[in-house]
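Only one structure is covered here, and it is reproduced in the block below.
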């Protein structure tokens, strides 16, 4: 007799396994791998998925139960996506149900749709010819993905080098083969220009996925993909699971972006999940960036990835902008306490007189209240972990890696200056000061407050692109992937804010943000200028970003990672403990640390912490952090599985 192995729809670890059911004769021809079914489970009926078949079971025949029916209301699951879900379960330590719910679309009633604003703005468009450098990259990638055992391809190109044109060329070749493509983008704000360009090239067979779509709109696109009615889907990480019948190419644009990392279970990383899905589908995968992640560039150096480089800007006569680093310590000494340096204020005035556009980028990503000296630029750091200390109530400075605590100093320990404090400002304040200094300027602000409504991103960006504003102020959402020909000046305010967050990747994040921001200026043959305002002008992340010198940054940063055994030079796992009882959370975290030291002492894992998390209490849950380092990632996975099986507080575990 033939039995179906069913994973039931309960997201709990203790039932995260398959159960065998008899296949009734009348359903024999309707049940396949991936079929959604209704099955008896205890005293109730529940939903599940068939993930395989067997001829042998452990229970006697009289105790076996039958599948009740195929659940027509659910979406059939493809074998390829089942295998991807299984891989995610093992790799990221989630339950099978959590993995299945991530890769499966949910059926929703579809309301009548109105035309997307992106589509209505489409101009007539001619296919641009690739320049020789782009053509070499496209041909090289095409050859690589058609090898017998293709490697992931890293397309490393400076800002404005025309990576998008290479993507479009590759997609057109895939479509010509009768296959489909997925283009992942990291931010909803990047959707506007991408959709315009790709719809201009590929017509109405392009689907869009992002969080502002209704569930029905998302489902409609997924159904079109399943039926072969689309050739391309563009969207953030969830678009990776589009059920294309003959997937040929996955492109991950701006592959370094942290938004590709899911912060809910399963805590998957979209670039490496894209590589696995491409392997399962027999498809090619391209990771593109002007500032590749350390992990991806190391893989390219080790020849695990094939690397293709674009070293020049695509528009003839367009060069990288001139960059000036302004030392805000000197501004303070000269009596200037304004948010704008004297140089930046002068440059803004000149660009406005010339009818050119300006972008002001407020670098607030990861702001967590670090303390620094305004006179000499010294930042208060943990002596053990080399990450910034965070200011807490009671004038305490705390390291959220190891728990080190020290009182807030009254003066700078290096130069003795009394000008030591945390600092920060918001986009609204910058907007107000800008309007006060330049009352005739037309100013737009783009942040979470001004983009909360559906299509608000597109409207703001379209307005700026049409020249309806002179100055665009915003956070990181304005500086990545956008191409505004009239922008000739970019001002980067508070470059240090992301440099000294309590994260070992802070220098990498800062280099990426500053390089991306600088890349917005001078993209259409006009000379561009970038002003970086900082209290630490000699930091290597800022110096190399000003030159857009990724190689120099990579070498310096890798030395730091090797010294501290941080990824990708080493392997590290983060364990977050949460409980409504503060003492219970701390005790459970301490118990985990003791267990690992005792049971894995022969392997010598390095344990850092436990300590309070950066935000020590969220929704009445007290939070403790614990880090474990080891050269062997498999050991960390074994520890992860062991810790997940413990009874006690809620926990989130991620191998970094």
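Residue numbers (the working numbering): 191 to 846. For every residue, glycine included, the Cβ atom is placed at its ideal position computed from N, Cα and C.
Looking only at 332, 348, 274, the smallest Cα-Cα distance to residue 341 is reached by 332. In the structure shown, residue 499 falls within a strand segment according to DSSP collapsed to helix, strand and coil. Look at residue 636 here: in three-state DSSP terms it is strand. Cα atoms of residue 534 and residue 448: separation of roughly 30 Å, rounded to the nearest angstrom. By DSSP's assignment, residue 386 forms no beta bridge with any residue. The shortest C-alpha to C-alpha distance from residue 334 to any of 360, 347, 354, 348 is the one to 360. For the pair residue 450 and residue 229, the Cα-to-Cα distance works out to about 36 Å. One thing to note: residue 498 has its Cβ within 8 Å of the Cβ of residue 327. Sorting 420, 567, 213 by C-alpha distance to the C-alpha of residue 434 places 420 at the top. In the displayed model, residue 611 falls within a strand according to three-state DSSP. Taking a C-beta distance under 8 Å as the contact criterion, residue 550 and residue 631 do not qualify as a contact pair. With 16 or more neighbouring CB atoms inside 10 Å of its own CB, residue 358 falls in the buried class.
A Cβ-Cβ distance of about 6 Å is found for the pair residue 227 and residue 238, placing them in contact under the 8 Å criterion. For residue 647, the secondary structure class from DSSP, reduced to helix, strand or coil, is helix.
By the neighbour-count criterion, in which a residue is buried when 16 or more other Cβ atoms sit within 10 angstroms of its Cβ, residue 792 is exposed. In this structure the stretch 798 to 812 lies against the stretch 757 to 775, because at least three pairs of beta carbons, one per stretch, are closer than 8 Å. Shown here, residue 322 sits in a helix according to DSSP, grouped into three states.
Taking 4 residues as the minimum length, the alpha helix (DSSP H) runs contained wholly in the stretch 462 to 526 are 484 to 491, 518 to 523, in order along the chain. When DSSP reads this structure, residue 813 sits in a beta bridge with 768. Taking a C-beta distance under 8 Å as the contact criterion, residue 839 and residue 783 do not qualify as a contact pair. Distance check between residue 537 and each of 196, 677, 502, 733 places 677 closest, using alpha-carbon atoms only. In this structure, residue 351 and residue 504 form a Cβ contact; the two beta carbons are roughly 6 Å apart against a cut-off of 8 Å. The C-beta distance from residue 192 to residue 245 rounds to 6 Å, short enough to fall under 8 Å. Here residue 436 is not near residue 353, since their CB atoms are 8 Å or more apart. Contact check between the stretch 785 to 804 and the stretch 515 to 528: fewer than three CB pairs, one atom from each, fall below 8 Å, which does not count as touching. Residue 761 places its beta carbon less than 8 Å from that of residue 826. Beta-bridge annotation (DSSP): residue 781 is not paired with any residue.
Contact check for residue 757 and residue 816: beta-carbon distance about 16 Å, past the 8 Å limit, so the pair fails to qualify. The DSSP-derived three-state label of residue 436 is coil. With contact defined as three or more Cβ pairs closer than 8 Å, the stretch 740 to 754 and the stretch 794 to 809 are not in contact.
Contact between the stretch 562 to 571 and the stretch 721 to 732 is present: three or more C-beta pairs spanning the two stretches fall below 8 Å.
A Cβ-Cβ separation of about 7 Å places residue 479 in contact with residue 346 under the 8 Å criterion.
A Cβ-Cβ distance of about 7 Å is found for the pair residue 706 and residue 481, placing them in contact under the 8 Å criterion. For residue 407, the enclosing alpha helix (DSSP H) has its first and last residue at 405 to 416. If you draw a straight line from the Cα of residue 605 to the Cα of residue 599, it is about 12 Å long. Of 596, 607, 459, 511, the smallest CA-CA separation from residue 523 is found for 607.
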